[in-house]
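Colleague: Taking full-length UniProt numbering as reference, the numbering of the sequence shown is continuous, increasing by one, and the terminal residue is 204.
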Amino acid sequence: MMSLREVIKDAESRHVAIGHFNVSDLAALKGIFLAAREINIPIIIGVSEGEREFIGTRQVADLVKSLRNEFDFPIFLNADHTHSLDKIKEAVKAGFNAVLFDAGQKSLEENIQLTKEVINFVKSYNASQKTDVLVEGELGYIGGGSVILERIPEGVTIKKEDLTQPEEAKRFVLETGIDFLAPAVGNLHGMFADAPDPNLDIER
Numbered sequence: 001m002m003s004l005r006e007v008i009k010d011a012e013s014r015h016v017a018i019g020h021f022n023v024s025d026l027a028a029l030k031g032i033f034l035a036a037r038e039i040n041i042p043i044i045i046g047v048s049e050g051e052r053e054f055i056g057t058r059q060v061a062d063l064v065k066s067l068r069n070e071f072d073f074p075i076f077l078n079a080d081h082t083h084s085l086d087k088i089k090e091a092v093k094a095g096f097n098a099v100l101f102d103a104g105q106k107s108l109e110e111n112i113q114l115t116k117e118v119i120n121f122v123k124s125y126n127a128s129q130k131t132d133v134l135v136e137g138e139l140g141y142i143g144g145g146s147v148i149l150e151r152i153p154e155g156v157t158i159k160k161e162d163l164t165q166p167e168e169a170k171r172f173v174l175e176t177g178i179d180f181l182a183p184a185v186g187n188l189h190g191m192f193a194d195a196p197d198p199n200l201d202i203e204r
């Protein structure tokens, strides 16, 4: 079976996307897995820090691993929006295939420093365990949440200075050595009952 890195490289070469779906219980995981098997496409399951506290870090890792092994199906697990090295270590040692280290609200300098610490740990772990855990870094403020909101909270706005600048993105990727970049491009993560109209007028 292909690794997550190989699956993503294959998707990139074919100009297709791999779905990433967050779960916090077995019912959601099973539904997503069955749908993916039905249309025969690889999937990534995401669990944030809060979701891992609810479902269990080792428990969800074992569930995903059992589905992958029993059905010989490319289902992978990502530690979504993780804010500390300790939580990264916990997910990696539990058997996650990828981690998203989120220091996007920090200054660029501090973000680079903290992300490099994560990279150093994961690279060392990969070498010692002969595995290939991938690391995604975040640059710029995206935000997030698992609670349905009636509207965007008062005072929350998308400011130009919060968006990822190309020159900073290049430096961040080169200096940290991350596998993937999560940039802030004007989107808000979360669930909104009355979502605002999208603003796609972004200089590219």
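Even glycine gets a Cβ: it sits at the ideal position worked out from N, Cα and C.
Are the Cβ atoms of L4 and A98 separated by less than 8 Å?
Modeller: Sequence index remark: in the sequence shown, residue 4 carries index 4 (1-based). Sequence index remark: in the sequence shown, residue 98 carries index 98 (1-based). In this structure, L4 places its C-beta atom within 8 Å of the C-beta atom of A98.
Colleague: Between G155 and K106, what straight-line distance do the alpha-carbon atoms span, to the nearest angstrom?
Modeller: Residue numbering aside, residue 155 sits at position 155 when the sequence shown is read from its first letter. Residue numbering aside, residue 106 sits at position 106 when the sequence shown is read from its first letter. Because the pLDDT at G155 is just 45, under 50, the model does not fix this residue reliably, and the point stays unresolved.
Colleague: Determine, using beta carbons only, whether A94 and L139 come nearer to each other than 8 Å.
Modeller: Here the question's residue 94 lines up with position 94 in the sequence shown. Here the question's residue 139 lines up with position 139 in the sequence shown. Result no, Cβ atoms of A94 and L139 do not sit closer than 8 Å.
Colleague: Would a C-beta distance cut-off of 8 Å place residue 206 and I75 closer than the cut-off?
Modeller: The first residue shown for the chain is 1 and the last is 204, placing residue 206 beyond what the model contains.
Colleague: Please specify which runs of the beta strand (DSSP E), each continuous and at least 3 residues long, are wholly inside the segment 67–95, giving them in chain order.
Modeller: As far as the segment 67–95 is concerned, its whole beta strand (DSSP E) runs of at least 3 residues are 75–82.
Colleague: How is the beta strand (DSSP E) around N126 delimited, first residue to last?
Modeller: Translated into the one-based positions of the sequence shown, residue 126 becomes position 126. Element bounds for N126: not the beta strand (DSSP E) but the alpha helix (DSSP H), L108 to Q129.
Colleague: Within the segment 38–70, note down every full alpha helix (DSSP H) run reaching 4 residues or more, in order along the chain.
Modeller: 49–55
Colleague: Take I55 and list the residues in its own chain whose beta-carbon comes closer than 6 Å to its own, dropping the five residues that flank it on each side.
Modeller: Position 55 of the sequence shown, counted from the start, is the residue given in the question as residue 55. Counting only Cβ-Cβ distances below 6 Å, and skipping sequence neighbours, we find S24.
Colleague: Would you kindly check if the distance between the Cβ of F96 and the Cβ of N78 is under 8 Å?
Modeller: For this step, residue 78 is matched to residue 78 along the sequence shown. For this step, residue 96 is matched to residue 96 along the sequence shown. Yes.
Colleague: So M138 is in the beta strand (DSSP E); what residue range does that whole segment cover?
Modeller: The sequence position of residue 138 within the sequence shown is 138, counting from 1. Sequence check: residue 138 is Glu here, not Met. Run containing E138: L134 to L139, per the beta strand (DSSP E) assignment.
Colleague: Is the beta carbon of V60 closer than 8 Å to that of residue 209?
Modeller: Absent from the structure is residue 209, since the part of the chain shown begins at 1 and ends at 204.
Colleague: Which class does G186 belong to by DSSP, given the choice of helix, strand or coil?
Modeller: In the sequence shown, residue 186 corresponds to position 186, counting from 1. Coil.
Colleague: From the DSSP secondary-structure annotation, give me the bridge partner or partners of N22.
Modeller: Your numbering for residue 22 matches position 22 in the sequence shown. In the DSSP output, where bridge partners are listed per residue, N22 has G46.
Colleague: Just the C-alpha distance for D162 and T57, rounded to the nearest angstrom, thanks.
Modeller: Translated into the one-based positions of the sequence shown, residue 162 becomes position 162. Translated into the one-based positions of the sequence shown, residue 57 becomes position 57. Their backbone Cα atoms lie some 31 Å apart in a straight line.
Colleague: Please name the residue, chosen from E175, V122, V173 and K159, that lies closest to K89 on a Cα-to-Cα basis.
Modeller: As a working mapping, residue 89 is identified with position 89 in the sequence shown. Of E175, V122, V173 and K159, the residue nearest in Cα terms is V122.
Colleague: How is G155 classed by DSSP in three states: helix, strand or coil?
Modeller: The residue you call residue 155 lines up with position 155 of the sequence shown. Note that G155 scores 45 on pLDDT, short of 50, meaning its location in the model is unreliable; the coordinates nonetheless yield the value given after this. The three-state reading of DSSP puts G155 in coil, since its state is none of H, G, I, E or B.
Colleague: Among L134, I43, D80 and R37, which one has its Cα closest to the Cα of G177?
Modeller: For the purposes of this step, residue 177 is identified with residue 177 of the sequence shown, where counting begins at 1. Among L134, I43, D80 and R37, the Cα nearest to that of G177 belongs to L134.
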